[in-house]
Each structure stands twice: as C-alpha cells, then as structure tokens.
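Participant: Okay, here's the structure, questions in a sec.
Number of protein chains: 2
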Amino acid sequence: MSERLRIDGLQYCRWSREIFEQMRAARLDAVHVTAAYWESARELMANIGQWHRHFEAHADLIMPVRSAADIDRARQSQRTGIILGLQNCSPIEDSIDLVSVFKQLDVHIMQLSYNNQSLLCSGYLESEDAGLSRFGRSVIREMNRVGMIVDTSHTAERSTLDAIACSTRPTVISHANPQSASATERNKSERVMRALAESGGLMGFSCYPFHLPNGSKTTLPEFTDMVARAVDVMGVEHLAIGTDLCQDQPVEVLTWMRNGNWAKTLDYGEGSAEQPHWPEPLSWLGGVSEFGNIETGLEARGFSRTEVDALMGGNWRGYLEDALKPKSD
Amino acid sequence: MSERLRIDGLQYCRWSREIFEQMRAARLDAVHVTAAYWESARELMANIGQWHRHFEAHADLIMPVRSAADIDRARQSQRTGIILGLQNCSPIEDSIDLVSVFKQLDVHIMQLSYNNQSLLCSGYLESEDAGLSRFGRSVIREMNRVGMIVDTSHTAERSTLDAIACSTRPTVISHANPQSASATERNKSERVMRALAESGGLMGFSCYPFHLPNGSKTTLPEFTDMVARAVDVMGVEHLAIGTDLCQDQPVEVLTWMRNGNWAKTLDYGEGSAEQPHWPEPLSWLGGVSEFGNIETGLEARGFSRTEVDALMGGNWRGYLEDALKPKSD
Chain A
24 MSERLRIDGL QYCRWSREIF EQMRAARLDA VHVTAAYWES ARELMANIGQ
74 WHRHFEAHAD LIMPVRSAAD IDRARQSQRT GIILGLQNCS PIEDSIDLVS
124 VFKQLDVHIM QLSYNNQSLL CSGYLESEDA GLSRFGRSVI REMNRVGMIV
174 DTSHTAERST LDAIACSTRP TVISHANPQS ASATERNKSE RVMRALAESG
224 GLMGFSCYPF HLPNGSKTTL PEFTDMVARA VDVMGVEHLA IGTDLCQDQP
274 VEVLTWMRNG NWAKTLDYGE GSAEQPHWPE PLSWLGGVSE FGNIETGLEA
324 RGFSRTEVDA LMGGNWRGYL EDALKPKSD
Chain B
24 MSERLRIDGL QYCRWSREIF EQMRAARLDA VHVTAAYWES ARELMANIGQ
74 WHRHFEAHAD LIMPVRSAAD IDRARQSQRT GIILGLQNCS PIEDSIDLVS
124 VFKQLDVHIM QLSYNNQSLL CSGYLESEDA GLSRFGRSVI REMNRVGMIV
174 DTSHTAERST LDAIACSTRP TVISHANPQS ASATERNKSE RVMRALAESG
224 GLMGFSCYPF HLPNGSKTTL PEFTDMVARA VDVMGVEHLA IGTDLCQDQP
274 VEVLTWMRNG NWAKTLDYGE GSAEQPHWPE PLSWLGGVSE FGNIETGLEA
324 RGFSRTEVDA LMGGNWRGYL EDALKPKSD
C-alpha cells in the first residue's frame, strides 16, 4: 500500500529548519501555515519575504503551494507543500484590491475575523454578532473570484452562517471542533456544521487542548470519538485535520495573538489570568513530528481505510483542487 | 511578411482604456510601464492592485507579462503585454526581502535610482556620485537571483558603470539617448554605452524631447541619425526603443515625479522655472498610437529589415527571454 496523503489544515509554529524536518519526519505532504494575525499590509509583506527566505534556504524540505498539483509535486519530491494563509483580515486593511495582490503572493486562505469584530464580520468573542458587513460581502465576492479560501474558524456563528450563504464557493473551518465535544463558542454548533457540509465545505479537527473535551488530558480515543460523532453529522467527506499546532512559540507570541494592538488591558482569549500560558500539549501530539499518531488513532477507532485516507489528507487535497483556482480557470 | 514585433521599453501614461486601445492601434506587443517612482512598499501594492483592476477590466486589450513567452501569447491574442517596472527603488524601502516579493507580483524591472541619490546608488542630478552602496550591491545580487532587471536610465555615470560591473546578468538603460546627440547628464556617455554593450545589455532610445538634439522640434530623420550613430558605437543588437511617453498626464504628475516627497522648494528636473511644464510633443510621436512612425523612420533611414526588426522589438524580446527568468531556472 502506498503511503497515505497527509495534510495539516493549520499550524503556526515558530518556523525553523527543525520544524520543517519534523514535518518531513511526519510525512506531511502539505501544511496550511498562518502568515499573519494582526499585521498590516506592509507587515505581511515582510512575513512573506521571510517565507521566501525559508523556501530558498530549505528548498530540500519545503516548497510553496500555488495549486493542488503542487501538493502532488511536493509529495513526489518528499517535501512538504506550504499553503500560506491568514487568521485575520487585518493585512488587506480597507482595500478590496489587496485580495488579488495577496493571492498573487500565494496567500490562498483568509479567515474573515480572528476573535474580535473585523472589517468583514464578527469574531466569536464579541457579545454581539451583526453578521457580514458591506465590505465583508464585497471581499467574499473577490475571494471567490481569485480563488482565496474563506475560513471562519474564529468567526462568530451568525457571521459564519452568513459567509457560508454568501460565498459562491465552498468555505472552510480550517481548525475547530464540534461544540458537542467541548462547549466553547470557539467550537462550532451542529447548525454551522450542517450548513458547512451542505455547501460542500470542510472542517478540520483542532488538536488545541482548549478546543477538546478534556483539555490537555484528552486521550486519543476521546479525540477519535469526537471525529466519529462529527462524521455522523457532516459526513466523512467534509472533515479533515487542522491541528492548530503552535510548536516552539514563546508565550509572548500567544499574548500577541490574543492582544494584537487592540488591547491595553491583557486579554486572555481562551485562557485566563490564572492560566495565561500555552496549554500543556496532548500526550499523543507533543509536536509536528507526531502527526501520524492521529492516523493510528483513527485506524484503531475502526474507521475504514478509505475514511482514514479522506480524513488524513484526501479531503483537503480534493477540496483544494478547485478551491485554489481563480474563477475563470 | 508577417507583422514586426513591437515593444516599447518605457511608458508612464495616465492609464485608461483609451490608452490601451491606442497601444493596440500601434500594434504594440509589449510595453514596460512604470508602476512607481517615490512610492512606499504599501503604495506600490495599491498601484499593483490598480493594475489588477486594469487587467480584469481590459482583458481584451492587455495582459500581464511574467515571462518572454507571455509577450508571444499577447501578440497571438492581439493584446499588449504589460511589463511592470519601477523608476526608483523607493518601494523596497530598506528591505532586501521585498525584491523577491515584488518579483512575485510581476515587477520585473527596477531602476537603481531616479534623479537623486537612492539607498542603492546615485542619480544623475547629484553633484557627487559615490557609486554603488553596500545595500546597492546586495540588491543587485538579489535582483540577479530572482530575475529582476537592473535599469540605470536615470542613474549617474559612476553608479551606472558600477552596476554594469557588479551585475552578473546584463542590465538595461530602458530609456535614454547618447550624450553625443544631446549633452545632458541624463543621457549616456560613450563609455557607458560601450560598457553596456560589452556586458550584453540593452539601451532604449528615448523620445522625451529633453533627451533629443532639438528638443520638441527634433525631426524623425534627426532621431534616426542618432540611432545610426549609436549603432556604430554599440552594435544594433544592443539598441531598442523606450519612448518615455507620458501621455495624458497632468503637470501635477510631472511635478510629483520630480519632487516626490523630498523637496519643499520646487525642483524642475530637466525643465526650469521658465518651462516647468511637459515639453511639447514631437510632431511625429504625439502619442502611443503613433509608435509605428519610428519604424517608418528607421526604414526611410535605410536600416535593413533585420535591423529594424531588432530595434523595434526583436532585441527586447531576445533580451527578456533570459532576463525575466529566476537564476535557478
């Protein structure tokens, strides 16, 4: 049997040769990596410049992904394809024109919001969610045109349902879990999960302890139970993995992810004043190199070979085949 | 006889559907257009966004050029290929990383300086020319690597000679004339012309009246005489056209080109307080649509069919075949 395709739908590690080597150790064919949260257009350009340096210095381990076929090329050359994405719309500032500019720079996925209200819609930590803004609808139309994927992982419920309805192309929740597994607003309701599946979209299971039923103590069987229940709701073809691994990041980065430039009093996001740190890692996913343990868990849970293929990477690959293309192609 | 390839090595018109239609009327297969002078990185992104709008709205007339083969595709589909370039290095700010970022955005040519000293070298209006800076050498190395063409049209003599020597790939003077035709520092000495030719580079003849022997009154035979004398110095294979047409631009744009954000007292560049305006256009090149008159003039001057082919576009096409490619290709 040929090795299974493996795609991780979200990571924000402290990128280094060591991490890229661990991606290879885990036989990851592609990873969606976060290139910005709160950065301005200019700051994202600097981050992309940094990725150009990575692609040059570590060309033996990683390569940029522009189309789904690039994932196959990465796989064939035993490298990991890097799909750049944004966890927030800050880098487009207030300009619709920057959608196609960043698409040309291989930014292929954009969350409509992080935790707060954005120029496009509402994040899940807001008390009010007014749905998509006028700019939000305009940007989704442009993202649909150029082939930039709409991601609503951190987006509030009404805004997420609005986005699914507004987008003419299937959207994703790259990294989140069902609220039935862990009742945080950061996770997704059955209503959202069903709407996403009906629209042809994809949800990646998060391995971030705050999104899991027993936090850092969540066992692999508990994780795969959650997968099985989600499959009953959405169908296996709409589910995948998005670990949300933030390996080697110092706590300052976590604080910045939560606070950006918007807060003068500390915001703890999913943490608290008592627990302001990164959560303890899962025993079965200490880092990128252990990505394959998810596969072992799914097999042990009794998923069929075809189902494990789909969940571990096949669904991402299938989805990306069309999603990365400009509309006119 | 099939129609001759026509490439203009520099224009900075006030872009509009009318101008693009005139490019087609002139059967221009490709034009190097200026995307920025004094703009910051962020401002260039906005200009590139504006070009994305043009490419979308006028896809029947123009298309972006990423490789020399795109010029052939433009020609075959009766469109004009647009090659984006910069007349100054302002948009890379102080970051080497932005060279590859802008290359990915199809910025394929960059002048090392406009009229003033830049972070890379000296412009021709400075009284002192210290040659290439440390950053200048670093940027040329990176431009060579990614396939961004070094242009020294407005660059001072020593800096130009330094750049020709430093660059491992042939450079261009996209739009300037021999000093023997008009003794302005903006034009090029025989020393520069010979060094450029020896390095395999290309110079495009400017039709901007301030660069011509009799200003706006320069006749087409005077222009083609200048061409003939330059051919004797450099060889026909190193010469081409770069009209420097700035059609439909208001005088405010000229003032901004000259003054950017650097001067509080008006700088008149090649003009003067008495003549602060755009020069009167040439009688035989009132605008983009009359580009073909140059061809008529060259034929009348007695250049062979092969020579006219080379000058009108063949040399640009041949040069761009390699010049636009990243080094590793």
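Taken in sequence, the protein lines are chains A and B. Its first residue numbered 24, the first sequence is counted upward by one per residue in the numbering used here. Its first residue numbered 24, the second sequence is counted upward by one per residue in the numbering used here. Ideal Cβ positions, reconstructed from N, Cα and C, are used throughout, including at glycine. The structure displayed is predicted, hence computed values, not measured ones.
1. Where residue 231 of chain A and residue 122 of chain B are concerned, what is the direct C-alpha to C-alpha distance, given to the nearest angstrom?
2. With residue 141 of chain B and residue 148 of chain B assumed to form a contact (beta carbons below 8 Å), what rounded beta-carbon distance in angstroms separates them?
3. Classify residue 40 of chain B as buried or exposed, calling it buried when 16 or more other Cβ atoms lie within 10 Å of its own Cβ.
4. Would you give the residue range spanned by the beta strand (DSSP E) that residue 15 of chain A belongs to?
5. Suppose you measure from the CA of residue 342 of chain B to the CA of residue 36 of chain A; what does that come to, to the nearest Å?
6. Inspect the beta-carbon positions of residue 72 of chain A and residue 197 of chain A and report whether they are closer than 7 Å.
7. Sorted by chain position, which residues of the same chain lie with C-beta nearer than 6 Å to residue 24 of chain B's C-beta, five sequence neighbours on each side aside?
8. Apart from the five residues on each side of it in sequence, which residues of its chain come closer than 8 Å, Cβ to Cβ, to residue 178 of chain A?
9. Is the CB of residue 12 of chain A under 7 Å away from at least one CB in chain B?
10. CB-CB under 7 Å to residue 258 of chain B, same chain, minus the five flanking residues each way: which ones, in chain order?
11. Mapping DSSP to helix, strand and coil, what is residue 45 of chain A?
12. Quick one: is residue 237 of chain B buried, meaning 16 or more other Cβ sit within 10 Å of its Cβ, or exposed?
13. Using DSSP with H/G/I as helix, E/B as strand and the rest coil, what is residue 272 of chain B?
14. Does residue 240 of chain B pass the burial test, meaning 16 or more other C-beta atoms within 10 Å, or should it be called exposed?
15. Across the segment 104-112 of chain B and the segment 81-88 of chain B, are there enough close Cβ pairs to call them in contact, namely three or more that are closer than 8 Å?
16. Do the segment 270-282 of chain B and the segment 199-206 of chain B touch if we need at least three Cβ pairs shorter than 8 Å?
17. Kindly identify the DSSP beta-bridge partner or partners of residue 34 of chain A.
18. Is it buried or exposed, residue 284 of chain B, if we count other Cβ atoms within 10 angstroms and call 16 or more buried?
19. Measure from the C-beta of residue 64 of chain A to each C-beta in chain B and report whether the shortest distance is under 7 Å.
20. Run down chain A in chain order and give the residues with a C-beta less than 9 Å from the C-beta of residue 133 of chain B.
21. Which residues, in chain order, does the segment 118-144 of chain A contribute to contact with chain B at a C-beta distance below 7 Å?
22. Mark residue 113 of chain B as exposed unless 16 or more other C-beta atoms lie within 10 angstroms of its C-beta, in which case mark it buried.
23. In this structure, does DSSP put residue 140 of chain A in helix, strand or coil?
24. Between residue 171 of chain B and chain A, is there a C-beta pair that is closer than 7 Å?
25. Return yes when the Cβ of residue 195 of chain A is within less than 7 Å of the Cβ of residue 163 of chain A, no when it is not.
26. Does the Cβ of residue 325 of chain B have 16 or more other Cβ atoms within 10 Å, making it buried, or fewer, making it exposed?
27. Can you list, in chain order, the residues of its chain whose CB lies under 8 Å from that of residue 160 of chain B, leaving out five sequence neighbours each side?
28. Pull out every residue of the segment 86-118 of chain A whose Cβ sits closer than 8 Å to any Cβ of chain B, in chain order.
29. Can you tell me whether residue 193 of chain B is buried or exposed, with buried defined as 16 or more other CB within 10 angstroms of its CB?
30. Using only alpha-carbon positions, find the residue among A:70, A:336, A:59, A:109 that is nearest to residue 120 of chain B.
31. Identify whether residue 67 of chain A lies in helix, strand or coil by the three-state DSSP scheme.
32. Assuming residue 63 of chain A and residue 116 of chain A make a contact with CB atoms under 8 Å, what is their CB distance in whole Å?
33. Which full runs of the alpha helix (DSSP H) of 4+ residues lie inside the segment 197-278 of chain B, going along the chain?
34. The beta strand (DSSP E) with residue 86 of chain B in it runs from where to where?
35. Have a look at B:264, B:286, B:54 and flag the residue whose alpha-carbon is nearest the alpha-carbon of residue 332 of chain B.
Facilitator: Answer, in terms of the structure:
1. 36 Å
2. That pair is no contact at about 12 Å.
3. exposed
4. Since the first residue of chain A shown is 24 and the last is 352, residue 15 of chain A is not available in this structure.
5. 43 Å
6. no
7. A caution first: residue 24 of chain B carries a pLDDT of 42, below 50, which makes its placement in the model unreliable, though a value can still be read off. Hits under 6 Å: none found.
8. 134, 135, 136, 144, 145, 146, 147, 186
9. Residue 12 of chain A falls outside the range modelled here, since chain A spans only 24 to 352, and no answer is possible.
10. 220
11. helix
12. exposed
13. coil
14. exposed
15. yes
16. no
17. A:56, A:268
18. exposed
19. yes
20. Result: empty, since nearest Cβ-Cβ is about 16 Å, beyond 9 Å.
21. 118, 120, 121, 123, 124, 127, 128
22. buried
23. coil
24. no
25. no
26. exposed
27. 189
28. 118
29. buried
30. A:70
31. helix
32. 7 Å
33. 213-221, 243-257
34. 85-87
35. B:264
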